[in-house]
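Numbering-wise (UniProt numbering), the sequence shown opens with residue 1 and increments by one.
Structure first, then comments.
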Amino acid sequence: MNIAEKAPASTGWDKDQLAVIAADSEARLAVEAGPGTGKTAVACARLAHLISEEDIEPTNTWMISFTRTAVAEIRARLHSYVGDDSFSIRIATVDSHAWSIHSGHDPNARLTGTYEENIARVIELLKTDEDVWDELSQIEHVVIDEAQDLVGQRADLIEALVERLPPDCGVTVFADEAQAIYGFSDAAIGAPKGTSKARGRSLLERLRDAEELHFTTLALQEIYRTSSPGLKNIFSGLRNELLEPQNHREGLHGDIAKKIGDLADTSGLKWREMKVADFTADDLLLFRTRAEVLMASQFCDLPHRLRLSGYGATLPSWLALCFFDFVEPYLGERTFFDLWSVRVENKAAPEYGPAQAWSLLLRIAGRRDGSVDMQSLRRRLSQTKPPVEIAVPEYGLRGPIVGTIHASKGRESSNVVLLLPNGPEFENLEEEAEEARVLFVGATRARESLIVGESSVYRGSALRSGRAYRSARNRKSVMVEVGRDGDITARGLVGRSEFEAEDAAGAQSFLARNADVITTYTLEADPDLDWRYRVCVGRGGLCVGALTSNITYDLWDILAARGQRNSHKPPGYVNHVRGQGCSTLVLAADDSELEVLNEPWASSGFMLAPRVSAFPPFFFFGRR
Ligand SMILES: Nc1ncnc2c1ncn2[C@@H]1O[C@H](COP(=O)(O)OP(=O)(O)OP(=O)(O)O)[C@@H](O)[C@H]1O
1 MNIAEKAPAS TGWDKDQLAV IAADSEARLA VEAGPGTGKT AVACARLAHL ISEEDIEPTN
61 TWMISFTRTA VAEIRARLHS YVGDDSFSIR IATVDSHAWS IHSGHDPNAR LTGTYEENIA
121 RVIELLKTDE DVWDELSQIE HVVIDEAQDL VGQRADLIEA LVERLPPDCG VTVFADEAQA
181 IYGFSDAAIG APKGTSKARG RSLLERLRDA EELHFTTLAL QEIYRTSSPG LKNIFSGLRN
241 ELLEPQNHRE GLHGDIAKKI GDLADTSGLK WREMKVADFT ADDLLLFRTR AEVLMASQFC
301 DLPHRLRLSG YGATLPSWLA LCFFDFVEPY LGERTFFDLW SVRVENKAAP EYGPAQAWSL
361 LLRIAGRRDG SVDMQSLRRR LSQTKPPVEI AVPEYGLRGP IVGTIHASKG RESSNVVLLL
421 PNGPEFENLE EEAEEARVLF VGATRARESL IVGESSVYRG SALRSGRAYR SARNRKSVMV
481 EVGRDGDITA RGLVGRSEFE AEDAAGAQSF LARNADVITT YTLEADPDLD WRYRVCVGRG
541 GLCVGALTSN ITYDLWDILA ARGQRNSHKP PGYVNHVRGQ GCSTLVLAAD DSELEVLNEP
601 WASSGFMLAP RVSAFPPFFF FGRR
């Protein structure tokens, strides 16, 4: 392949980009560049070039990125460059690379320790274990994207890895220090990420300072994401301000917010005068915190999509629609096309058709004879992190995306509406500088236009579980997030203790008819299910599932936080719980949960789940 032909535009790669893409395969490069200069595009092109021009084996290359969404995007880009060879490249997050080293070389490996303990163990293996060195000696090239976010222990890990690579193994690292927003989470302003300690020195600084690692620094200058002069000014002018340590003073956040507003296409809008339904599928609405996103979503009854941490990749509903009663070990193309035409076409069809769906199935669990192995399909789809190519990256149906800035890193969108936090307060200068960088990341997602507005004051809090909640002003009700990973499991959808077989069939067929539309549910606590909430269509209506106790425990935690644990109790019912269509839940053939399910789901392992995403008010009543 001639990589020049694969440039994203007819103008081709520029000379700075080519200097990275076509550098010697053994080179160690630290590429520093601002947003939209093509770091991710060049990272993919570099690997593609090494594979197709330098005969590097795809299996001997590693691509490390920070987030799973980034990994999904990288895989798609690489596929467009090198076709199916991209499936041999080890593209993964730092944590999953670490885990594969851990599990492959430590006979006692189990993910039982704390996150820190597990990473520490991998660092030790990298330093001492000859089998690990053996494995690393095969690697010919490592590409690391978004390296600015690798700090603390993750940076220790990558440093130890690079030190251990053979001297002729090339390494290409991409970073933008102005976009380093790792230290705090999107739970609330100032809420530290569970695993971060002090920032310490960034990975790039460490690699560059270690002379024996022989890194050369290169830069990419041209901005490709946008041609708008105002946006370009934000992309480069504000970046310089953020990179200058002297500017890290009190008031930096306010200054950056003001400058972004001045340079945006429109500014000064107030969120309370807007609503999600005013926007289209080309628009990305970005808020700083989860509570703000959930509030905006709760008051929108048109289809939209959520981009938030805490919502694992969901599987499309067509899987359960086709396979809920499929019990054959293998699936042929003809049968699949028939199932699709009867069950999916015109109902809950995704943007692609049956041919692409079939090729996805083959890629995940294809057999030599051209059929799909259903056991292996179930195994792959039931993983907490199912294959990125089939998972739906956003949670919801269609329409505008509403998300946090943190969850939108590395992504771009035609129009961005950035809702600046209203009256934020910071504990210290480090936090203020980090928050200023968060604004910068948000503002630089736009390709064509940037609208800047002011968010309403929705101070939310997060529980230990990560669930967001927010007390109403009168303290009578609390808005609580419903629909997080783990809120609904297979048992709650078609379990025998939750449903008679006939009722489970009724519930699943309701979901099948409504797989592509919004439904408003009521939660009703069921004394026969230990007061777990049933998800019902209207008060006393059809029950489509029962939530796990996770939310009930969290409600007691909220009561404890309000000092009401002994005086109040969670409500018996909750209104305004919206579901946006359905997703598919899959259990592997050896999952013990199958034993408690009704048929045919106990045999097929595929079922529909309502895609609940809500922030409804819970009224806690006094206990008599
Ligand atoms: N030489 C080029 N010609 C035209 N378009 C390009 C070129 N290089 C990159 N692009 C496009 O510019 C956009 C930004 O690229 P990319 O997302 O790789 O930037 P990035 O530096 O990784 O940004 P960020 O730091 O914000 O994540 C993409 O749409 C990409 O296809």
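Even for Gly, the Cβ is constructed at its ideal location relative to N, Cα and C.
Would residue i pass as a contact of residue j if the rule is Cβ separation under 7 Å?
i, j, result
"R272", "S477", "no"
"I144", "I256", "no"
"S408", "R445", "yes"
"D554", "L463", "yes"
"I89", "T61", "yes"
"V494", "L450", "no"
"D176", "G332", "no"
"Y395", "Y311", "yes"
"M607", "A264", "no"
"G36", "F235", "yes"
"D149", "F66", "yes"
"R496", "N598", "yes"
"R473", "A291", "no"
"T314", "V388", "no"
"V482", "V544", "no"
"L362", "I390", "no"
"L523", "V480", "no"
"G579", "R623", "no"
"L419", "A443", "no"
"R378", "V586", "yes"
"F337", "P354", "yes"
On the DSSP letters alone, give me the boundaries of the alpha helix (DSSP H) that residue i sits inside.
i, result
"W340", "E333 to R343"
"Q356", "P354 to A365"
"P229", "P229 to N233"
"residue 625", "Residue 625 falls outside the range modelled here, since the chain spans only 1 to 624, and no answer is possible."
"N240", "R239 to L243"
"L203", "L203 to D209"
"L136", "E130 to L136"
"S309", "Run containing S309: none; DSSP gives neither H nor E here."
"L439", "L429 to A443"
"A178", "A178 -> no alpha helix (DSSP H), and no H or E assigned at all."
"T384", "No alpha helix (DSSP H) holds T384; DSSP gives it neither H nor E."
"A257", "L252 to L263"
"T40", "K39 to E53"
"L18", "K15 to I21"
"R562", "Element bounds for R562: n/a, residue is neither H nor E."
"S603", "W601 to S604"
According to DSSP, which residues form a beta bridge with residue i?
i, result
"Y469", "S461 and V480"
"V372", "L331 and G366"
"G148", "Before going further, note that residue 148 is Gln rather than Gly in the sequence given. The partner list for Q148 (beta bridge, DSSP) is empty, contrary to what the question assumes."
"A546", "R534"
"E498", "None; E498 has no bridge partner."
"N415", "D283 and S449"
"V171", "R28 and V142"
"C582", "P610"
"K270", "E454"
"F621", "K569"
"M63", "I91 and V143"
"V577", "Y521"
Within 10 angstroms of its Cβ, does residue i collect 16 or more other Cβ (buried), or is it exposed?
i, result
"E432", "buried"
"D55", "exposed"
"D85", "buried"
"S244", "The identity of residue 244 in the sequence shown is Glu, whereas the question assumes Ser. E244 is exposed by the Cβ-count criterion."
"A23", "buried"
"K270", "exposed"
"P424", "buried"
"Y458", "buried"
"F299", "exposed"
"T217", "exposed"
"D131", "exposed"
"R467", "buried"
"D156", "buried"
"V42", "buried"
"T384", "exposed"
Just curious, the beta strand (DSSP E) that residue i is in, first and last residue?
i, result
"L286", "D283 to F287"
"A446", "A446 to E454"
"V402", "I401 to T404"
"E524", "I518 to D526"
"A313", "No beta strand (DSSP E) holds A313; DSSP gives it neither H nor E."
"L220", "T216 to L220"
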